[in-house]
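The structure appears below as structure tokens.
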Amino acid sequence: MISFPNAKINIGLDILRKRPDGYHDICTVMVPVPWCDILEIVPSKGIDTTLTVTGRRVDCPAEKNLVMKAYRALNDITPLPPLDIHLHKIIPDGAGMGGGSSDAAFTLSTINKLLQLDIPDDTLAQIASSIGADCPFFIYNRPMLATGTGTDLQPIELDLSRFAIQIVKPPILIPTKEAYASLIPAQPCTPLYERIRKPVIYWQQGIINNFEPSIFTKHPAIKAIKQAMIDAGAVYASMTGSGSAVYGLWERDNLADLPSEITRDCTIFSANMQ
């Protein structure tokens, strides 16, 4: 069985407070985007479950890949037969787009369908939350308001189908620990779920990613990408997650190329939003 684990973007990312457990409470809207890996899972003829990874390089051994972590987490709930898993990586890692989390979530849902386990999505999401904070989102894979550590999800009505998206991933890796190191949590004056109800043309003034100020100071090339998108007519542009990818939304007929000196050595993806 073949599936296509997709990426996500964050629209707004408020870091509200540091928790006693060392994590942070956040508020963000996560939206799926059609930049996808390819995942194939078939019954194995051997006695062990195997994972083969092709495409973009993944800097971890197969047994530590989130795909295998997902297999083991599901196997703890219900015994699974040996499977052969092939993951072809297309989504860049270290981008803030949840590529690894999506692979893990789609592993759960694909095995569920392949083996006809009939596990409800809410149960799969609970299993996914033990793998990573972004993983439950990809079980539902629709616009969600995420709170708590990012695992408390509430569906949100958000129609972006009139827009095209361009995502630019520079060759910069930002460890999550580094992203949080210079961050000062703060409460916004207006909750994100109210700000996002406004038309998209007003988002640039009121919806921000709290990681941007410190990340832009350390990595001005990322700031330059965002500014280039705005200069090229994007109605909204933002870094996603803790970076380093930046996305812009344009009216479908107005999607523009960015200056080559800005995007040199970057990975670029464009598509119409669904």
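Under the working numbering, think of the first position of the sequence shown as 107, with each following residue one higher. For every residue, glycine included, the Cβ atom is placed at its ideal position computed from N, Cα and C.
Exposed or buried, what is residue i when buried is set at 16 or more other beta-carbons lying within 10 Å of its beta-carbon?
i	result
A377	exposed
L279	exposed
G256	buried
D143	buried
M107	exposed
T158	exposed
P140	exposed
Measuring CA to CA, which of the options is closest to residue i?
i	options	result
E263	I278, L289, I302	I302
M250	Q293, V137, Q272, L145	V137
R370	V341, A343, D240, I328	I328
N218	V148, T346, Y299, E367	V148
F322	I313, K124, Q333	Q333
M335	S208, R125, I196, N360	N360
S320	S288, N171, T160	S288
L180	A168, G238, D199, L214	L214
D228	A338, F110, Y246	Y246
T134	Q232, P226, I153, G254	G254
I374	P187, A351, A168	A351
L189	Y177, G200, D199	Y177
Q222	P281, D165, M203, P187	P187
L193	P365, G206, S366	G206
E357	E300, G339, I225, G347	G339
F317	V164, R268, T155, G347	G347
Considering only heavy atoms of the ligand PLP, does any lie closer than 7 Å to the CB of residue i?
i	result
Y353	The ligand content of the structure shown is nil, which means the ligand PLP is not present either.
In whole angstroms, give me the CA-to-CA distance for residue i and residue j.
i	j	result
A234	A210	8 Å
C241	D363	32 Å
A270	V341	10 Å
L259	L119	14 Å
E146	P185	20 Å
M379	K275	18 Å
P291	G354	25 Å
F244	F212	7 Å
P297	R123	14 Å
L172	G312	35 Å
H130	A252	12 Å
A330	P198	20 Å
Flag residue i as yes if its beta-carbon sits less than 8 Å from any beta-carbon of chain D, otherwise no.
i	result
P297	Absent from the structure is chain D; it holds one protein chain and no more.
Using three-state DSSP, classify residue i as helix, strand or coil.
i	result
F317	coil
P207	According to the sequence provided, residue 207 is Ser. The question's Pro does not apply to it. Note: S207 maps to helix in three-state DSSP.
T369	helix
V341	coil
T322	Just to set this straight, residue 322 is Phe in the shown sequence, not Thr. In the structure shown, F322 sits in a helix (DSSP, three-state: H, G or I).
G312	helix
A330	helix
F375	strand
L355	strand
S215	helix
Contiguous alpha helix (DSSP H) assignments of at least 4 residues, all confined to the stretch 217-303:
227-235, 241-246, 282-287, 298-301
Can you list the alpha helix (DSSP H) stretches of 4 or more residues lying completely in the stretch 115-199, in chain order?
172-183
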